[in-house]
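The sequence shown runs contiguously to residue 403 in my numbering.
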Amino acid sequence: MSYLENATDLGDGEVAALLFEYMPKIAAEHKTDSLLVLMADLGRQIVQADRCSLWLIDEERNELWTKVAHGVSELRIPLSAGFVGYSLKTGEPVLVDDAYRDARFDRRSDIKNGYHTTSVMTMPLESDGRVMGVFQAINKVGENVFFSKKDLERLKLISVYSAKTIESAIRAQKLERYAKQLERKADELKSAHMELIRILGEVSEFRSQEVGDHIHRVAEISVKLARYLGLPTDQQELIYYAAPLHDLGKVGIADMILNKAGKLTPDEFEIMKSHSVIGRTLLRDSKTDLLCMAFDIAGAHHERWDGSGYPDKLKGEEIPLAARICAVADVLDALSSPRCYKPAWPEERVKEEMKRSGGSHFQPELIDILMEHWDDFYSCYKPDGEFVKNGMLPPVK
7 MSYLENATDL GDGEVAALLF EYMPKIAAEH KTDSLLVLMA DLGRQIVQAD
57 RCSLWLIDEE RNELWTKVAH GVSELRIPLS AGFVGYSLKT GEPVLVDDAY
107 RDARFDRRSD IKNGYHTTSV MTMPLESDGR VMGVFQAINK VGENVFFSKK
157 DLERLKLISV YSAKTIESAI RAQKLERYAK QLERKADELK SAHMELIRIL
207 GEVSEFRSQE VGDHIHRVAE ISVKLARYLG LPTDQQELIY YAAPLHDLGK
257 VGIADMILNK AGKLTPDEFE IMKSHSVIGR TLLRDSKTDL LCMAFDIAGA
307 HHERWDGSGY PDKLKGEEIP LAARICAVAD VLDALSSPRC YKPAWPEERV
357 KEEMKRSGGS HFQPELIDIL MEHWDDFYSC YKPDGEFVKN GMLPPVK
């Protein structure tokens, strides 16, 4: 066979210009399919072929595939098929003038696509010493219908560049898929974790006759306070999921005290107060941010701004912020909803009591927020409010 230099070959300067033209496009593209198109276009122009394609190994299906072979859509062939299979197996290039005279040629693709192959050039795509596919050019365009050794050298140059680029893209896509899988698993784990938190919170309220939904209402009010206070969204989310555990310690309080219709005796009240200590004891070994916040809330939501609360008589900012927020939500809900020992208070009485307690029971800034946005907070408790609509409060009779 003779390999003649093609008079219409691009000069080195023209090849360099094409490379510089394509490099920014290739660098900006991260999808393998799109890279195959760009690389094939670049190769077709540099070696002046009618068609170019980059064949990659599909390890799962044990096949070679190409997304683009100019003029056709995705193709798949056996690993050993034709000149591409030969280059893949041997790691050697192919340079052929007349494909139909070569026993290695697999003419099935021509028959299927109504094409006639004459000259062929293939070059293995190698990355880190591993052959990952084959770059193929078909049918030289121009005065000379044969590919030259110079074309083969240029195809090798493009193949080295293509292999490195595609390998990087494949790795990036794998990492992206793994990241998405990890994200899905993390979301599933988070959902399971949140569900466990919800169940734990409901356990603490389950034995109380009328406050089963109290924990959810406290969560809604708490996150609304956190939002108006301007806390970051991640802190808002933590408060929303941690607030339902504020009364976790009630699992250790006897039913006769927990559900007593009348006023508690001093001794009974002391026992009831112990639920704060019980709650934080249950959560004391927590490691996650969520349960650490739940620890703060369970142990300190009955502390008072003026230091007269329990169990530790913390004062002012000694009280964790999440507990300060939850304390406001807890009392607002207790006053605004019916309990076994009292009916729900009228709105104006609730508002006056909350306002009066700013600076003594509650952090003044939180009460200022509550008063400023009172209609937004209290509307939840009205007959047409979201708590009644969502079944979190019984309808007003």
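Every residue gets a Cβ at the ideal spot worked out from N, C-alpha and C, and that includes glycine.
- Using a C-beta cut-off of 8 Å, the stretch 181-194 makes no contact with the stretch 152-166, since fewer than three inter-stretch Cβ pairs fall below that distance.
- At the C-beta level, D339 and H220 come within 8 Å of one another.
- Setting aside the 5 residues that flank it on each side, V151 is surrounded in the same chain by T124 and S125, each with a C-beta closer than 7 Å to its C-beta; the list follows chain order.
- Residue state for C346 is assigned as coil, using DSSP reduced to three classes.
- For G313, the CB contacts under 6 Å within the same chain, skipping 5 residues up- and downstream, are K319 and K321 in chain order.
- Between A350 and A329, the C-beta gap is not smaller than 8 Å, which leaves the two residues out of contact.
- Within the stretch 251-315, no run of beta strand (DSSP E) at least 3 residues long lies entirely inside it.
- If you look at K146, you'll find it in the beta strand (DSSP E) that goes R136 to K146.
- When only Cα atoms are considered, Y387 and F393 end up about 6 Å apart.
- Around the beta-carbon of D15, 16 or more other beta-carbon atoms lie within 10 Å, marking it buried.
- Taken through DSSP and simplified to helix, strand or coil, G322 comes out as helix.
- Beta-bridge partners assigned by DSSP to C58: A143.
- With respect to the C-alpha of G365, the residue from D382, R310 and E274 having the closest C-alpha is R310.
- Non-local beta-carbon contacts of R362 in its own chain, meaning distances under 6 Å to residues more than five positions away in sequence, are absent.
- By the C-beta density criterion, Y347 is exposed, having fewer than 16 other C-beta atoms within 10 angstroms.
- Where L101 is concerned, the enclosing beta strand (DSSP E) starts and stops at V100 to V102.
- The count of Cβ pairs closer than 8 Å, one atom from the stretch 236-243 and one from the stretch 280-294, stays below three, leaving the stretches out of contact.
- Around the beta carbon of E226, 16 or more other beta carbons lie within 10 angstroms, which makes this residue buried.
- The beta carbons of S228 and A300 sit no closer together than 8 Å.
- Classified as buried, N145 has 16 or more neighbouring CB atoms from the shown chains inside 10 Å of its CB.
- With a contact defined as Cβ atoms closer than 8 Å, E359 and L341 qualify at about 6 Å.
- Contact annotation: L48 and L60 have beta-carbon atoms that are not nearer than 8 Å.
- Between F141 and T128, the CB-CB gap stays under 8 Å.
- With respect to I83, E69 sits close: the two C-beta atoms are nearer than 8 Å.
- The three-state reading of DSSP puts E243 in helix, counting H, G and I together.
- Judged by beta-carbon spacing, A333 lies beyond the 8 Å limit of L296, meaning their Cβ atoms are not closer than that value.
- Straight-line spacing of the CA atoms in G17 and P99 works out to 23 Å.
- When secondary structure is reduced to three states using DSSP, V337 falls in the helix class.
- Fully contained in the stretch 29-73 are the following beta strand (DSSP E) runs of length 3 or more, in chain order: 55-64 and 69-72.
- In the three-state reduction of the DSSP assignment, P130 falls in the strand class, which pools E and B.
- The residue among V147, L270 and L85 with its C-alpha nearest the C-alpha of D103 is V147.
- Per DSSP, reduced to three states, the secondary structure at P84 is strand.
- Put simply, the backbone Cα of K256 is about 59 Å away from that of D39.
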